[in-house]
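Undergrad: Could you have a look at this structure, given as C-alpha cells, before my questions?
Number of protein chains: 2
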Amino acid sequence: MMTETRYDVLGLGNAIVDVIARTEDDFLAKHKLNKGAMTLIEEARAEALFQSMGPAEIISGGCAANTASGVASLGGRAAFIGKVRQDTLGELFAQNIRAFGVDFETLPATSGPATARSFIMVTPDGERTMNTYLGACQGLGPDDVAERAVTMSAFIYLEGYLWDPPLAKEAFRKAAEIAHGAGRKVALTLSDAFCVDRYRDEFMELLRSRVVDILFANEHELKSLFTTEDFETAVAALRDMGALGVVTRGANGAMTVTREDTVAVPAFPIERLVDTTGAGDLFAGGFLFGLARGFPEKECLRLGTLAAAEVIQHIGARPQRSLKELAEQEGLAG
Amino acid sequence: MMTETRYDVLGLGNAIVDVIARTEDDFLAKHKLNKGAMTLIEEARAEALFQSMGPAEIISGGCAANTASGVASLGGRAAFIGKVRQDTLGELFAQNIRAFGVDFETLPATSGPATARSFIMVTPDGERTMNTYLGACQGLGPDDVAERAVTMSAFIYLEGYLWDPPLAKEAFRKAAEIAHGAGRKVALTLSDAFCVDRYRDEFMELLRSRVVDILFANEHELKSLFTTEDFETAVAALRDMGALGVVTRGANGAMTVTREDTVAVPAFPIERLVDTTGAGDLFAGGFLFGLARGFPEKECLRLGTLAAAEVIQHIGARPQRSLKELAEQEGLAG
C-alpha cells in the first residue's frame with residue numbers, strides 16, 4: 007500500500023539567496039562573465055563582483071527552491087531540502103520559503119562557509135547571468151534527506167546543479183532510490199548547459215538507468231546533453247530515452263516529448279520581459295503541480311508557462327503574485 | 007567666497023534596509039499594524055513580525071538615502087551620511103548606495119546593535135506599512151557629520167525621522183549650522199504624520215527660526231503639523247512660515263507654496279501602482295536635483311513626480327531604471 011501523499015512536490019537542491027543587480031552588457035564583457043550561464047565562483051571573486059556590480063537587492067533563490075515556491079503559490083503542497091548556514095541570509099532564505107507555505111526542515115549548518123549566494127546580473131534584454139558561491143550548500147549530504155518526506159511526495163524534483171557540491175549527488179541518489187521504492191516519480195532538471203557539459207555522462211546514465219522519470223530541459227541544455235547543434239536531432243534523441251521529456255523554448259513556448267507523442271503549447275503572453283531568472287524553475291513548478299493533480303499534459307504545460315510568465319515580469323525568481331489566482335483567472339486551477 | 011560645490015544634495019538620515027513582503031489587509035489588522043504609517047519597534051517584535059510576514063526580500067532603504075539615490079540616478083552628485091553596523095545588511099546598504107554613485111563615507115559601527123531594518127508590508131492597494139527597528143542608527147551623532155562634505159553641498163536634506171534616535175538631532179543641528187555658515191540651503195522632510203505628532207513643537211521651531219529653508223510634506227504630515235483637518239488651512243499656515251513649502255498629494259500631484267505664489271503640477275502617469283514605498287523620498291530627490299541645477303519650480307516639481315512615478319511601479323524604494331534616461335525622454339533633464 008502506498009504511503010499517504012502529503013506533498014505534491016519535494017524539491018532537493020542548493021539553498022541560495024540571489025544578490026541581484028541590473029547591469030549593462032558592457033559590465034559582463036569587462037568582468038568576463040559568461041552571459042546567460044551559471045558560473046561557480048570562490049569567495050574572493052564573489053566579494054569583488056559584489057563591490058563592482060550595480061545596486062544589489064537580496065531575494066531568495068535556488069532552482070529547486072524556486073520550483074517548490076511555485077508549487078505552493080499555485081495552492082499545491084511542497085517541501086524543500088537544502089543547506090543554509092545559520093546566518094542572516096540563511097534566516098532570510100528560511101523565512102521566505104516557509105512564508106510561501108513550503109515545508110523546510112533541513113538543519114542549518116552552525117559552522118563552516120556562509121549561506122550560498124548567487125550574484126545575478128540582469129541585462130536590459132532581461133537575460134540573467136549568474137555567478138554562484140556555493141558556501142554552505144557544500145555541506146548538503148545524504149543525511150539531510152528526510153526519508154519520510156520523500157516517501158510522502160508524489161514527485162521529487164532534483165536539480166543538475168546538485169552535481170557541483172561534493173556530497174549532494176549522494177543525497178540525490180538516496181532520494182531517488184527512496185522515492186522509487188515508495189512508488190513515486192523522480193524529476194530532474196538539467197539546470198544549465200554548462201552544468202550539462204560538466205556532468206553529461208552522469209546525466210545520461212541517470213536517464214538510461216531510469217533513475218529519472220521526468221526530464222526538464224531548455225533548448226540549450228538539451229542540445230548540450232546530446233552534443234548536437236540541431237534541436238530536432240536533440241528532441242529525437244530525447245524521445246528515444248523513454249523518460250517524459252519536458253522542453254522549454256522561451257518565447258516559443260514549451261512541449262512534452264515521449265515515445266508516443268509530442269504536445270506543445272505557446273508561451274504565455276506577457277506585457278514586459280524584465281528578468282528571466284527563475285523562468286525554468288517556475289515552469290517546472292507549474293508543470294509538476296498539474297501532473298500531481300492529474301491534469302492532462304497540455305494543461306500542465308499551460309500551468310508551467312503561466313508560472314514562468316509571472317516570474318519573468320519582475321526582478322527575482324520567486325512569484326510576487328498568487329499563481330493560484332492567476333491560474334483561476336485562466337480557468338486552469340480546476 | 008563660497009566653497010566649490012561638489013554635491014547637489016547631501017542626505018543625512020537613518021541608514022536602513024527594507025525587509026519587504028506583500029501582504030493582505032487582514033495581516034495588518036491581526037498584528038495591529040498602523041496602515042500607511044512608520045511605527046518604531048524593538049528587536050523581539052521585529053523578529054516576530056519577520057517570522058509571520060509574507061515571503062521577504064531585502065532592498066536598501068532609508069528616507070534620505072533613497073532621496074540621495076534618486077539624485078544620483080538623475081545624473082546628479084549626491085552624498086549620504088548615516089550609520090550602519092559592520093554586518094551583512096550593513097554591507098548590502100553600503101554596496102547599494104555606492105553603486106548608485108552616492109558618496110557614503112560614514113564609519114560603520116563595529117559593535118552594538120545590528121544594522122537597522124524596516125519591516126514593510128505592501129498591501130494590494132500599493133500602500134506600505136512600515137515597522138522599523140532602528141538598531142545601529144541609534145549610534146549616529148554629530149561626530150559623523152563630515153563638515154567639508156556639508157559645505158560642498160548645494161542642499162542638505164534632513165529627515166524628520168532623525169528625531170527618533172537619541173543623538174541624531176544633534177547631527178541634524180550641526181549639519182544645518184555648517185550648511186548655513188557656508189551659504190547653503192537646508193531642506194527637511196516631515197517623514198510621517200505620526201513622526202510629526204511626536205516632534206511637532208521642535209519641527210515648528212525649526213521653521214520659525216529659519217533653520218529650515220525648504221520643507222517637504224505630504225498632505226497628512228502638513229495637516230498634522232498645523233493640527234488641522236483642513237488642507238487649505240494647512241497650506242495657508244505653511245505659506246505664512248516663509249520657507250519654500252513643497253507638498254506632495256499622491257495621485258493629485260504636487261505643489262510649491264511660498265508667500266508669493268503657488269505652483270502645481272499633476273501626478274506623472276503610471277501604468278500600475280505596485281508599492282508606494284519611497285514615493286516621497288524620490289519626489290524630493292527629483293525636486294532638489296532640479297533646484298540644484300537652477301531649473302524653474304515647475305520643472306523641479308515635474309522631475310519629482312517623474313522620479314516618484316518610477317519607484318511606485320515596483321517593489322522597493324530605490325530606482326530600478328535610470329531616472330536620467332526617463333527624464334531625457336520627457337525633455338526634462340536639461
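Each protein sequence line maps, in turn, to chains D and S.
Start counting the first sequence at 7; every next residue gets the next number (my numbering).
Start counting the second sequence at 7; every next residue gets the next number (my numbering).
Heads up, the beta-carbon is just placed ideally off N, CA and C, and yes, glycines get one too.
If the cut is a Cβ gap below 9 Å, which residues of chain S does Met59(D) touch?
TA: Neighbours of Met59(D) on chain S, chain order: Gln101, Ala105.
Undergrad: For Phe209(S), name the three-state secondary structure that DSSP assigns.
TA: For Phe209(S), the secondary structure class from DSSP, reduced to helix, strand or coil, is helix.
Undergrad: Just curious, the beta strand (DSSP E) that Gly17(S) is in, first and last residue?
TA: 13–18
Undergrad: Counting only the same chain and skipping the five closest in sequence on each side, list residues whose C-beta sits under 8 Å from that of Asn258(D).
TA: Pro272, Ala273
Undergrad: Nearest to Pro114(D) by alpha carbon, out of Ala74(D), Gly147(D), Gly248(D), Ile64(D)?
TA: Gly147(D)
Undergrad: Count the other C-beta atoms from every protein chain shown that fall within 10 angstroms of the C-beta of Gly409(S), then say buried if there are 16 or more, exposed otherwise.
TA: This structure cannot speak to residue 409(S), because chain S is shown only from 7 to 340.
Undergrad: Below 8 Å on the Cβ atoms is my contact criterion, and I expect Thr138(D) with Ser117(D) to pass it. Report the Cβ-Cβ distance as a whole number of Å.
TA: Not quite, the Cβ-Cβ distance comes to about 21 Å (not below 8 Å), so this is no contact.
Undergrad: Drop a sphere of 10 angstroms on the beta-carbon of Pro171(S), count the other beta-carbons inside from all chains shown, and report buried for 16 or more, exposed for fewer.
TA: buried
Undergrad: In three-state DSSP terms, what is Asn72(D)?
TA: helix
Undergrad: Kindly indicate which residue of Ala298(S), Arg299(S), Leu294(S), Gly300(S) has the alpha-carbon position closest to the one of Ala313(S).
TA: Its Cα nearest to that of Ala313(S), the residue Leu294(S) stands out among Ala298(S), Arg299(S), Leu294(S), Gly300(S).
Undergrad: Which term fits Asp267(S), buried or exposed, when burial requires 16 or more other beta carbons within 10 angstroms of its beta carbon?
TA: Looking at its Cβ environment, which holds fewer than 16 other Cβ atoms inside 10 Å, Asp267(S) is exposed.
Undergrad: So the beta strand (DSSP E) Ala223(S) belongs to, where does it begin and stop?
TA: 220–224
Undergrad: Distance, Cα to Cα, Gly319(D) vs Ala27(S)?
TA: A small fix is needed here, since residue 319(D) is Gln in this sequence, not Gly. Taking the straight line from one Cα to the other gives about 17 Å.
Undergrad: Consult DSSP for Ser159(S) and reduce its assignment to one of helix, strand or coil.
TA: strand
Undergrad: Residue range of the alpha helix (DSSP H) that Ala313(S) falls in?
TA: 303–317
Undergrad: Of all the residues that make up the segment 85–99 of chain D, which are near chain S by a beta-carbon distance shorter than 9 Å?
TA: For the segment 85–99 of chain D, the set of positions with a beta-carbon nearer than 9 Å to some beta-carbon of chain S reads Asp93, Thr94, Leu95, Glu97, Leu98 in chain order.
Undergrad: Is the Cβ of Ala74(D) closer than 8 Å to any Cβ of chain S?
TA: So no, Ala74(D) is outside the interface.
Undergrad: Note down the Cα distance separating Gly132(S) from Ser230(D), rounded to an integer number of angstroms.
TA: 44 Å
Undergrad: Using beta-carbon positions only, say whether Phe161(S) and Ala333(S) come within less than 8 Å of one another.
TA: no
Undergrad: Provide the residue(s) that pair with Asn258(D) in DSSP beta bridges, ordered along the chain.
TA: Answer is none; Asn258(D) lacks a bridge partner.
Undergrad: Please classify Asp93(D) as buried or exposed, where buried requires at least 16 neighbouring CB atoms within 10 angstroms.
TA: buried
Undergrad: Determine the chain D residues that contact Gly322(S) at a beta-carbon separation under 7 Å, and present them in chain order.
TA: Glu63
Undergrad: Is there a Cβ of chain D sitting closer than 8 Å to that of Ala52(S), yes or no?
TA: Closer than 8 Å to the CB of Ala52(S) there is not a single CB belonging to chain D.
Undergrad: Just the C-alpha distance for Asn270(S) and Ala240(S), rounded to the nearest angstrom, thanks.
TA: In the sequence as displayed, the identity of residue 270(S) is Ala instead of Asn. Approximately 16 Å between the Cα atoms of the pair.
Undergrad: Name, please, each residue of chain D whose Cβ falls closer than 7 Å to the Cβ of Ala160(S).
TA: Within chain D, no residue comes near Ala160(S); the closest Cβ sits about 23 Å away, beyond 7 Å.
Undergrad: Where does Pro325(S) land, buried or exposed, given buried means 16+ other C-beta within 10 angstroms?
TA: buried
Undergrad: Starting from Arg190(D), find everything on chain S with Cβ-Cβ shorter than 9 Å and list it in chain order.
TA: Residues of chain S with a Cβ closer than 9 Å to the Cβ of Arg190(D) do not exist, since the nearest Cβ in that chain sits about 27 Å away.
Undergrad: To the nearest angstrom, how far is the alpha carbon of Leu168(D) from that of Val151(D)?
TA: 13 Å
Undergrad: For Asp236(D) and His226(D), what's the separation of their Cα atoms in angstroms?
TA: Straight-line measurement puts the Cα of His226(D) at about 10 Å from the Cα of Asp236(D).
Undergrad: Could you name the residues that DSSP lists as bridge partners for Thr45(S)?
TA: Asn137(S)
Undergrad: Between which two residues does the alpha helix (DSSP H) harbouring Ile103(D) extend?
TA: From DSSP, the alpha helix (DSSP H) with Ile103(D) extends over 94–105.
Undergrad: Does the contact criterion of 3 or more C-beta pairs under 8 Å hold for the segment 61–80 of chain D versus the segment 92–107 of chain D?
TA: yes
Undergrad: Please classify Thr9(D) as buried or exposed, where buried requires at least 16 neighbouring CB atoms within 10 angstroms.
TA: exposed
Undergrad: Label Asp149(S) either buried or exposed according to how many other C-beta atoms from any shown protein chain fall within 10 Å of its C-beta, with 16 as the threshold for buried.
TA: exposed
Undergrad: Using the three-state DSSP reduction, which class does Arg245(D) fall into: helix, strand or coil?
TA: helix
Undergrad: Roughly how many angstroms separate the alpha carbons of Asp246(D) and Arg265(D), rounded to a whole number?
TA: Between Asp246(D) and Arg265(D), the C-alpha separation is close to 6 Å.
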